[in-house]
Amino acid sequence: MITASPPVKETKNYLNHERGIKSWLLTGDHKRIAILYLISVTLFFALGGVFASLIRLELSTPAGDLLESNQYNKVFTMHGILMVFFFLIPSIPATLGNFLIPMMIGAKDLAFPKINLLSWYIYVVGGIFTLYVLLTGGVDTGWTFYTPFSTSYSNGYVIAAGLGIFINGFSSILTGLNFIVTIHRMRAPGLTWFRLPLFVWAHYATSAIMILGTPVVAVTLFLVVLERGFHIGFFDPAYGGDPVLFQHLFWFYSHPAVYIMILPSMGVISEVISTFSSKKPFGYTFIAFSSVAIAVFGFLVWGHHLFVAGQSIYAGLVFSILSYVVAIPSAIKVFNWAATMYKGKVRLETPMLYALGFIGLFTVGGLTGIFLSSLGMDVHLTDTYFVVAHFHYVMVGGALLGYLCGIHFWWPKIFGRMYSQVWSKVSAVLVFVGFNLTFFPQFLLGYMGMPRRYHVYPPEFQVFNVLSSAGASVLALGLILPAIYLTWSLKHGEIASENPWGATGLEWQTASPPIMENFEVTPVVTTEAYDYSTQQEVVHVG
Amino acid sequence: MTMEPKSFQLFPESASNFAPSVDGLYTYMVVVSAFFSLLVAFLIVYFAIKYRAKPGQGVPPPINDHSIGGMILEITWSVIPLGLSLVMFAWGASIMFHESRPPADALNIYVTGKRWMWKIQHMEGAREINELHVPVDQDIRLTMTSEDVIHDFYVPAFRTKADVLPGRYTTEWFRPTKVGDYHIFCAEYCGTKHSGMIGTVHVMTQPDYQTWLAHGSGEGSLSEQGESLFNQLGCGNCHVKDGHGRAPNLYGAYGTKVDLSDGSSVRIDESYIRESVLYPQAKIVAGYDRIMPTFKGLISDEGMLKLIEYIKSLGNANGANAPSRTLGSEQPDIQKSGTMAAPMSETKPAATEKKQ
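Taken in sequence, the protein lines are chains A and B.
Be aware that the first sequence starts at 26, since it is given in the working numbering, and climbs by one per residue.
Be aware that the second sequence starts at 22, since it is given in the working numbering, and climbs by one per residue.
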């Protein structure tokens, strides 16, 4: 299956176009910037994973025996900050989105290549602030920075951590801006809106959220910095502020941020399910508009995080029903994906395995979300492990699996090499099994009443915690494998063809890896998206 | 719902009036979710096997999803989940409405959260820390505030919780239905020993509860302690009973609406009393001068509760000299009316209390 790379004559592509570290650090090429992001988000993900392992190790016994309480609080805070702001939010848009959007629309680059590079540097600076916090002693506020704890009581480096996220936010805003302008202005001739791949639709909706939401969280964290640093009263009643105001502002961004994480994954899944069923996605327009609907309604549900925070019950009613409304577009997508496979030609290659895993986990994540949208149910479940399990099903089961799915799908395009089919399938199965074993017990723990962010817990909760920690080790194994076989494939993998999966997008109609300008000549689009009638011969891999 | 104690459990103890309805809703949601999860799982596994690519198979014919059939499918799988989830919405909302309306004759108990302990103050004067003794089959209303950060008073066996905020009062109520000891957890992250901010609710029979109360503190009831604090601070010099003093009469004032000097009006509730003591200039009753000094720093959160309880004992909007352990039924939901008054400096000892 794996053959040594034949001594082919090296063709010019974006990877060997120029050489040397400077050519990478000063590049304006969206594909190279995507690689820079790929490396940096992977590093932050690995670091976040180390903290996750510490949490699961500590929680395998009820007593606090591995870490001190303060250390434990810092560990889960760093896990949250790194994973949310430095991995999940940039993961798919900044790597796959960056690489693929220009290619999918037949463009040479994004609209603003220098701004694209700038956004990566901003991300790095934000990341350095966060690493500084980590090395100097950490922060113990939780990734949510609730006031007045964060502004008046926390003994961590809140200001530096807040500034890190504040700065990082601009990276997100610039990326969103770049995508929106690019998608509006740079589509190839003939590529109308309803011929766009669903991946592009998903990123368009995501970009809108990034531009409209991110400034709010940036300003909010800046207010935290001002209150903590200068005792200007915004949130702490001792200075005349309102502690709940923070929660409104924070969740006004951070709930839509969940859709920043999940929408791009949904875009990936739509591409992959279609390709490996050799069939146009069922209900293309419904899937496209459901992305837009999620982006719009996603802004109107933040108050469901405040059902027990002293919010008026009438406000609670409105936020509750809107939360049900926003769940429907997600349900539409799931059913449409399943219907796409109907009478298709289904190939269970690695990306497809990840995609099917995504559908399973995201379905559970979405359905448990509607438990929490229900007022009376949320009163019991909020701030327990049920919430932890729910959002991990959405963010890990959804966003992370979508990311891995996309990486495996487009890897041959990005690097021009295939990876081990056997190991990658083993990894997909391990991730799915390990994930469920880790997080399903946490739903049960949550209903039993175990609060989240507990360093020490009553002994009756131990059984489920031990199961969860055992699952986490399987999950970790499943996640370490790709790091090995994907890295290995860079040098030793089989050379990939232009279109190894028999996919339809424009990105598959150019060399793997692509040339610097993406296309020899600007493509002209004459057909609908996902027209498999042009793909008579499917190259079977593996 | 509750399984045999000590065996494998999926439900916590069911020990309050809310527990059966929350468990019922949960069961409904689990059944609906399990159905849809299994349906989706079945479909994708079945399709993956049934339509697995075979060698030599051509490209599958496109299925026209713009047909009537496609539209019917889209509508079906949008409307059915929407209908099922609207049931969840309505059911959950009705439980929440019930939870947010404490009965008028509920036994009031004050709770103060402080990193990292729960301080409980009973009307009759008994005080406890991290323990709450309550009688079974009696409606209990907790009036809660925090001395520092946001906490959350959570009793899983009662299926209810509410955030405990600095600078305002929130409420939570329940009717324990089963004698026993149950966990109290702080459910809002509050720093280093967050997971140590736990306690126990002891649900007791009425006779046991009365015995327990009788052995409580000898400091007198909460309103009696409030009265001596009222006198010590000299409040009665201006707030005289006949209404001809330099400050408004407090008798029968609790729960009424008063007009303010700026033309607006306010209902006299816990939060307004607290604000008036700490920030007297904020809302002046119409017809009175701005002469009251602030008592910020002179009175602790617990002292404030005693004062409030004393003022309540002076009669309420019903005109009756209401017993201090009840709250007027028209008492507005103080979660909503919470005005922003500053909390006490957390280390300030209530000097006045100690002398009692």
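All residues carry an ideal CB built from backbone N, CA and C; glycine is no exception.
Treat the numbers as computed from the prediction; the structure is a model and nothing was measured.
Euclidean distance between Cα positions of residue i and residue j
i: residue 96(A); j: residue 150(B); result: 27 Å
i: residue 195(A); j: residue 206(A); result: 17 Å
i: residue 497(A); j: residue 326(B); result: 48 Å
i: residue 202(A); j: residue 451(A); result: 38 Å
i: residue 154(B); j: residue 200(A); result: 57 Å
i: residue 40(B); j: residue 199(B); result: 11 Å
i: residue 259(B); j: residue 268(A); result: 34 Å
i: residue 534(A); j: residue 524(A); result: 7 Å
i: residue 411(A); j: residue 468(A); result: 4 Å
i: residue 558(A); j: residue 371(A); result: 16 Å
i: residue 148(B); j: residue 296(B); result: 24 Å
i: residue 323(B); j: residue 145(B); result: 14 Å
i: residue 187(A); j: residue 339(A); result: 33 Å
i: residue 316(B); j: residue 164(B); result: 22 Å
i: residue 109(A); j: residue 160(B); result: 43 Å
i: residue 282(A); j: residue 234(A); result: 7 Å
i: residue 499(A); j: residue 69(A); result: 20 Å
i: residue 235(B); j: residue 126(B); result: 21 Å
i: residue 373(B); j: residue 244(B); result: Only weak support exists for where residue 373(B) lies, its pLDDT of 37 falling under 50; the value from the coordinates is given anyway. Straight-line Cα distance between these residues: approximately 15 Å.
i: residue 155(A); j: residue 100(A); result: 13 Å
i: residue 189(A); j: residue 419(A); result: 25 Å
i: residue 486(A); j: residue 461(A); result: 18 Å
i: residue 256(B); j: residue 279(B); result: 19 Å
i: residue 315(A); j: residue 226(A); result: 10 Å
i: residue 165(A); j: residue 61(A); result: 30 Å
i: residue 213(B); j: residue 112(A); result: 27 Å
i: residue 348(B); j: residue 332(A); result: Reliability fails at residue 348(B), whose pLDDT of 36 lies under 50, so the model's placement of it is uncertain and the value that follows must be treated cautiously. Distance between the alpha carbons of residue 348(B) and residue 332(A): 24 Å.
Chain-ordered chain B contacts of residue i [CB-CB under 8 Å]
i: residue 345(A); result: 110, 113 and 114
i: residue 165(A); result: 212 and 213
i: residue 311(A); result: 95
Closest by C-alpha distance to residue i, when choosing among the options
i: residue 102(A); options: 552(A), 500(A) and 477(A); result: 477(A)
i: residue 246(B); options: 310(B), 259(B) and 332(B); result: 332(B)
i: residue 305(B); options: 95(B), 314(B) and 283(B); result: 283(B)
i: residue 197(B); options: 108(B), 186(B) and 162(B); result: 162(B)
i: residue 131(A); options: 216(A), 303(A), 283(A) and 444(A); result: 216(A)
i: residue 169(B); options: 260(A), 381(A) and 487(A); result: 260(A)
i: residue 446(A); options: 483(A), 466(A), 507(A) and 487(A); result: 507(A)
i: residue 444(A); options: 248(A), 415(A), 517(A) and 396(A); result: 517(A)
i: residue 521(A); options: 473(A), 438(A) and 126(A); result: 438(A)
Where residue i meets chain B, residues with beta-carbon distance less than 7 Å
i: residue 95(A); result: 213
i: residue 505(A); result: By Cβ distance, chain B contributes nothing, its closest Cβ being about 27 Å from residue 505(A), past 7 Å.
i: residue 90(A); result: Under the 7 Å cutoff, chain B gives no residues; its nearest Cβ is about 13 Å from residue 90(A).
i: residue 71(A); result: By Cβ distance, chain B contributes nothing, its closest Cβ being about 26 Å from residue 71(A), past 7 Å.
Within chain A, the residues that residue i reaches when beta carbons sit closer than 7 Å
i: residue 65(B); result: 363, 366, 381 and 384
i: residue 191(B); result: 335
i: residue 30(B); result: 473
i: residue 169(B); result: 178
i: residue 184(B); result: 333, 334 and 335
Neighbour list for residue i in chain A, Cβ cutoff strictly below 8 Å
i: residue 180(B); result: 404 and 405
i: residue 223(B); result: The premise fails here: residue 223(B) is roughly 16 Å from chain A at the closest Cβ pair, so nothing lies under 8 Å.
i: residue 91(B); result: 307 and 308
Residue i: contacting residues in chain A (beta-carbon distance under 9 Å)
i: residue 139(B); result: Correct list: empty, because the minimum Cβ distance to chain A is about 14 Å.
Exercise for the section: Indicate whether the contact test is met: 3 or more Cβ pairs, each with one atom in the region 243 to 255 of chain A and one in the region 176 to 190 of chain A, closer than 8 Å. Expected result: yes
Practice task
Please determine if the region 385 to 403 of chain A and the region 302 to 322 of chain A are in contact, where contact requires at least 3 C-beta pairs separated by less than 8 Å.
Solution key: no
Exercise for the section: Would you check if there are 3 or more beta carbon pairs closer than 8 Å linking the region 204 to 217 of chain B to the region 44 to 63 of chain B? Expected result: no
Practice task
Run through the region 201 to 287 of chain B for me and flag every whole alpha helix (DSSP H) of 4 or more residues, listed as ranges in chain order.
Solution key: 227 to 235 and 243 to 253
Problem - Touch test, the region 427 to 446 of chain A against the region 57 to 76 of chain B, Cβ-Cβ under 8 Å, three pairs minimum - result: no
Exercise for the section: Enumerate, from N- to C-terminal direction, the unbroken beta strand (DSSP E) stretches of 3 or more residues contained entirely within the region 361 to 391 of chain A. Expected result: none
Handout entry: contact_flag[the region 32 to 43 of chain B, the region 171 to 179 of chain B] where n(CB pairs < 8 Å) is 3 or more
Key = yes
Problem - Residue ranges of each beta strand (DSSP E) within the region 126 to 150 of chain A, 3 or longer - result: none
Handout entry: Contiguous alpha helix (DSSP H) assignments of at least 4 residues, all confined to the region 186 to 262 of chain A
Key = 223 to 255
Problem - Contact the region 208 to 223 of chain A vs the region 141 to 152 of chain A: 3+ CB pairs below 8 Å - result: no
Problem - contact_flag[the region 374 to 386 of chain A, the region 417 to 430 of chain A] where n(CB pairs < 8 Å) is 3 or more - result: yes
Exercise for the section: Ignoring anything shorter than 3 residues or poking outside the region 152 to 197 of chain B, list the beta strand (DSSP E) runs there in chain order. Expected result: 152 to 156, 161 to 167, 172 to 176, 181 to 185 and 191 to 195
Handout entry: the region 294 to 306 of chain A in contact with the region 235 to 250 of chain A per 3-pair CB rule at 8 Å
Key = no
Handout entry: 4 or more residues per run - each alpha helix (DSSP H) lying fully within the region 400 to 430 of chain A
Key = 400 to 406 and 410 to 417
Problem - Any 3 or more C-beta pairs closer than 8 Å across the region 105 to 122 of chain B and the region 338 to 354 of chain A - result: yes
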